[in-house]
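First to last, the protein sequences are chains A and D.
Read the first sequence against my numbering and you will find it ends at 209, with the numbers running on by one and no gaps.
Read the second sequence against my numbering and you will find it ends at 209, with the numbers running on by one and no gaps.
2 protein chains.
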Amino acid sequence: MADKYDSLKLENQLCFPLYACAKEVVKKYKPFLDELDITYTQYIAMMVMWEHTKMNVKELGEYLFLDSGTLTPLLKTLEKKGLVTRARSKEDERNLVVSVTDEGMALRDKALEVPKKVAGCIQLEEADAKELYVLLHKLMKCV
Amino acid sequence: MADKYDSLKLENQLCFPLYACAKEVVKKYKPFLDELDITYTQYIAMMVMWEHTKMNVKELGEYLFLDSGTLTPLLKTLEKKGLVTRARSKEDERNLVVSVTDEGMALRDKALEVPKKVAGCIQLEEADAKELYVLLHKLMKCV
DNA sequence: TGCAATTAGATTGTACACAATTTAATTTAA
DNA sequence: TTAAATTAAATTGTGTACAATCTAATTGCA
Numbered sequence: 067m068a069d070k071y072d073s074l075k076l077e078n079q080l081c082f083p084l085y086a087c088a089k090e091v092v093k094k095y096k097p098f099l100d101e102l103d104i105t106y107t108q109y110i111a112m113m114v115m116w117e118h119t120k121m122n123v124k125e126l127g128e129y130l131f132l133d134s135g136t137l138t139p140l141l142k143t144l145e146k147k148g149l150v151t152r153a154r155s156k157e158d159e160r161n162l163v164v165s166v167t168d169e170g171m172a173l174r175d176k177a178l179e180v181p182k183k184v185a186g187c188i189q190l191e192e193a194d195a196k197e198l199y200v201l202l203h204k205l206m207k208c209v
Numbered sequence: 067m068a069d070k071y072d073s074l075k076l077e078n079q080l081c082f083p084l085y086a087c088a089k090e091v092v093k094k095y096k097p098f099l100d101e102l103d104i105t106y107t108q109y110i111a112m113m114v115m116w117e118h119t120k121m122n123v124k125e126l127g128e129y130l131f132l133d134s135g136t137l138t139p140l141l142k143t144l145e146k147k148g149l150v151t152r153a154r155s156k157e158d159e160r161n162l163v164v165s166v167t168d169e170g171m172a173l174r175d176k177a178l179e180v181p182k183k184v185a186g187c188i189q190l191e192e193a194d195a196k197e198l199y200v201l202l203h204k205l206m207k208c209v
């Protein structure tokens with residue numbers, strides 16, 4: 067039953083379910099993030115800002131695996147929403163320091179329910195979720 | 067050490083490594099797909115077309131988890147490249163039938179090396195890859 | 001029959017995502 | 001010490017992604 071083109075079948079790919087799952091899971095966040103008036107990418111950026119308060123664009127990009135081409139407009143949007151401020155560093159004017167505002171910190175409490183709500187939409191067993199977490203981190207290290 | 071905001075830390079998310087891994091792995095395809103002059107999304111669309119030869123936009127979208135908003139421009143691009151043709155169905159004019167061309171089929175042989183080359187860039191053990199494959203399909207079913 | 005509901009694609013608008021290039025600041029090394 | 005190299009962001013251009021809306025074809029049913 068095997069033919070030479072089997073390796074090109076969608077069902078034999080590892081990348082495709084990764085790509086599709088990521089999209090579908092991110093979509094699950096939408097109704098809950100809509101309540102906070104932010105997108106998924108803005109949400110993960112805020113996660114880093116909530117934890118660290120202040121951070122360069124470059125460093126933020128290293129956390130999120132995103133470059134300035136994505137982050138510059140995204141951070142301008144977050145600034146417009148009043149969630150962060152953007153200012154050049156005094157020590158090194160090349161660096162742009164992003165700081166979370168009081169309003170940004172206030173959003174953290176509203177966001178607290180999001181992970182729970184999303185988990186409620188995804189009926190993956192705890193053991194599978196843990197195993198997946200481990201494997202994804204392993205994969206992340208070798209790409 | 068635990069605090070009430072732990073659930074909002076990037077490191078405690080399952081979705082984030084999924085999102086980041088998907089992006090990083092898709093990026094690995096780029097140099098090899100550049101040789102075929104197609105993008106990753108175009109590649110997975112061609113995978114379905116290579117296997118099925120003819121297909122409605124709707125059905126193709128069900129395979130790829132993409133809607134007409136994404137597929138319409140993508141298929142127009144593939145048509146411009148000469149890899150597929152697009153034509154309304156005679157039986158039901160609402161349906162647009164996508165068909166792979168000879169040139170499209172010829173690309174299949176050039177693509178044959180892609181999965182191997184990408185696998186060569188990702189040093190994940192075979193057992194882990196298999197386990198990840200199973201878990202992603204399990205996750206796909208419950209989102 | 002004939003009109004409302006449904007369906008398939010296309011379109012519009014917003015938001016990433018990233019490669020490639022540009023600009024400005026800083027560092028380095030001759 | 002100053003010109004070259006490096007660095008951090010911003011910009012530009014292309015290509016997804018997707019929600020919401022629109023259009024046209026078909027179906028269902030009163």
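Just so you know, even glycine gets a beta-carbon here, dropped at the ideal spot from N, CA and C.
Alpha carbon to alpha carbon, what distance is there between residue j and residue i?
i              : j              : result
V180 (chain A) : M113 (chain A) : 12 Å
V200 (chain D) : Q189 (chain A) : 15 Å
L130 (chain D) : L99 (chain A)  : 25 Å
L80 (chain D)  : S73 (chain A)  : 28 Å
K75 (chain D)  : E117 (chain A) : 7 Å
A88 (chain D)  : A88 (chain A)  : 7 Å
V184 (chain A) : Y95 (chain A)  : 6 Å
K204 (chain D) : E77 (chain A)  : 14 Å
M115 (chain D) : E159 (chain A) : 51 Å
K182 (chain A) : Y71 (chain A)  : 43 Å
K146 (chain D) : V92 (chain D)  : 23 Å
V164 (chain D) : L102 (chain D) : 20 Å
T119 (chain D) : E169 (chain A) : 54 Å
A172 (chain D) : L178 (chain D) : 11 Å
G135 (chain D) : L126 (chain A) : 31 Å
K176 (chain D) : D69 (chain A)  : 16 Å
K156 (chain A) : M121 (chain A) : 14 Å
M67 (chain A)  : P97 (chain D)  : 31 Å
E90 (chain A)  : F82 (chain D)  : 13 Å
E128 (chain D) : R154 (chain D) : 19 Å
Can the beta-carbon of residue i be found less than 9 Å from the beta-carbon of residue j?
i              : j              : result
L84 (chain A)  : L202 (chain D) : yes
E197 (chain A) : E197 (chain D) : yes
C187 (chain A) : V209 (chain D) : yes
L144 (chain A) : I110 (chain A) : no
T138 (chain D) : V123 (chain D) : yes
R152 (chain D) : L162 (chain D) : yes
So, under 8 Å CB-CB, residue i and residue j are touching, yes? Tell me the CB distance rounded to an integer number of Å.
i              : j              : result
V166 (chain A) : L141 (chain A) : With a Cβ gap of about 11 Å, V166 (chain A) and L141 (chain A) do not count as contacting.
M206 (chain A) : A86 (chain D)  : 6 Å
Inset, instruction - Counting only runs of 4+ residues fully inside the segment 128 to 199 of chain D, write out the alpha helix (DSSP H) ranges in chain order. - result: Runs of the alpha helix (DSSP H) spanning 4 or more residues and lying entirely within the segment 128 to 199 of chain D occur at 134 to 146, 168 to 177, 180 to 187, in chain order.
Legend entry - Ranges of the beta strand (DSSP E) found wholly within the segment 87 to 131 of chain A, counting only runs of at least 3: Taking only runs of at least 3 residues, the beta strand (DSSP E) segments lying wholly in the segment 87 to 131 of chain A are 120 to 122.
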